[in-house]
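Going down the list, the sequences are from chains A and B. Mapping of the first sequence onto the working numbering: residues 10 to 122, in sequence order. Mapping of the second sequence onto the working numbering: residues 1328 to 1436, in sequence order. Notes for the one structure printed next.
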Amino acid sequence: DAGVTQSPTHLIKTRGQHVTLRCSPISGHKSVSWYQQVLGQGPQFIFQYYEKEERGRGNFPDRFSARQFPNYSSELNVNALLLGDSALYLCASSPRAYQETQYFGPGTRLLVL
Amino acid sequence: EDQVTQSPEALRLQEGESSSLNCSYTVSGLRGLFWYRQDPGKGPEFLFTLYSAGEEKEKERLKATLTKKESFLHITAPKPEDSATYLCAALSGNTPLVFGKGTRLSVIA
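So, in structure tokens, the structure goes:
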């Protein structure tokens, strides 16, 4: 069975640009969560979507936004990129809302120059 | 504020030298305690979910236990392929997962 997939795997952007990251959950999973992980730290929660509705938002600026599509895939958008946005962006899926085990994708490594 | 603290930050073991990793949590109303393994540059790989104090789960050389304030990941006779960062995360109420910073484990042959 296919796990969580994310694209692209790596991305290089310059300050001020915009980026879109994509995630496809495990088949049958309806909940997708996004996390940011900087080097040496644990993942930090950004958003959670369930049945196309936002169910949670972490302590991130409004430059970060996301959405979930009818097929339960999801996009994370970041506007006006800053150097500090450089990180590994992780997507995780679970069958229902986030009150259960989440399964992570391989991540997208974003470098902002 | 919910908090998860992992110790030690890094651990170096000889192959076959058993040890334990600690995860202390301060959350209101724990609904689940999760352990993940993460290899460099990759996403976390799910290992265990623990729900209540006294619960134990095992997988190969790994055993996770849970008390009311902390969880332990015991590694018995580790091999070099067990080298990775081990992440602990806690879930409470309707709040999202809170992760610790992880323990970097190196197993030397």
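Heads up, the beta-carbon is just placed ideally off N, CA and C, and yes, glycines get one too.
Mind checking whether the beta-carbon of residue i lies closer than 7 angstroms to any heavy atom of the ligand SAM?
i	result
A:V87	Judged by which ligands are present, the structure shown has none, so any question about the ligand SAM falls away.
So, at 8 angstroms on beta carbons, what are the nonlocal neighbours of residue i in its own chain, with the 5 sequence-adjacent residues on each side left out?
i	result
B:Q1330	Y1352, T1353, V1354 and V1425
Going along the chain, which residues of its own chain have a beta-carbon closer than 6 angstroms to the beta-carbon of residue i, five neighbours each way excluded?
i	result
B:G1420	G1356
A:L122	T23
B:Y1383	Reading off the sequence, residue 1383 of chain B comes out as Glu, not Tyr. The residues are T1392.
B:H1401	S1347 and K1390
State the Cα-Cα distance for the pair residue i and residue j, rounded to the nearest angstrom.
i	j	result
B:T1392	B:F1361	11 angstroms
A:R66	A:F56	5 angstroms
A:S102	A:E60	12 angstroms
A:P17	A:K39	21 angstroms
B:F1399	A:Q15	31 angstroms
A:P104	B:S1346	34 angstroms
B:K1406	B:R1388	9 angstroms
So the beta strand (DSSP E) residue i belongs to, where does it begin and stop?
i	result
B:E1385	E1383 to K1386
B:Q1365	L1357 to Q1365
A:R105	That residue, A:R105, is in no beta strand (DSSP E); it is neither H nor E in DSSP.
B:S1334	Q1330 to S1334
A:Q26	Per DSSP, A:Q26 belongs to no beta strand (DSSP E) and is neither H nor E.
B:N1349	S1346 to T1353
B:Q1341	A1337 to Q1341
In chain A, which residues lie with their C-beta within 7 angstroms of the C-beta of residue i?
i	result
B:T1429	The identity of residue 1429 of chain B in the sequence shown is Gly, whereas the question assumes Thr. Within 7 angstroms Cβ-Cβ: G51.
B:F1361	T110
Using the beta-carbon of each residue, which ones in chain B are nearer than 9 angstroms to residue i?
i	result
A:S42	P1423 and L1424
A:G65	N1421, T1422 and P1423
A:L99	G1370 and P1371
At 7 angstroms on the CB atoms, spell out the chain B contacts of residue i, in chain order.
i	result
A:Y112	F1373
A:P115	K1369 and G1370
What in chain A is Cβ-close to residue i, meaning under 8 angstroms?
i	result
B:G1356	Simply none; closest approach about 11 angstroms.
Spatial neighbours of residue i within its chain, please: C-beta separation below 7 angstroms, excluding the five flanking residues on both sides.
i	result
A:G116	Q15, L97, Y98 and L99
B:K1438	Examination of residue 1438 of chain B is not possible in this model, given that chain B is present from 1328 through 1436 alone.
Under 9 angstroms Cβ-Cβ, which residues of chain A neighbour residue i?
i	result
B:T1376	E109 and T110
B:L1414	G51 and P52
Identify the contact partners of residue i in chain B, using a Cβ-Cβ distance below 8 angstroms as the criterion.
i	result
A:Q57	P1423
A:R118	G1368
Jot down the residue ranges of each uninterrupted beta strand (DSSP E) in the stretch 32-86 of chain A, minimum 3 residues, whole runs only, in chain order. Correct list: 40-46, 53-59, 62-66 and 73-77.
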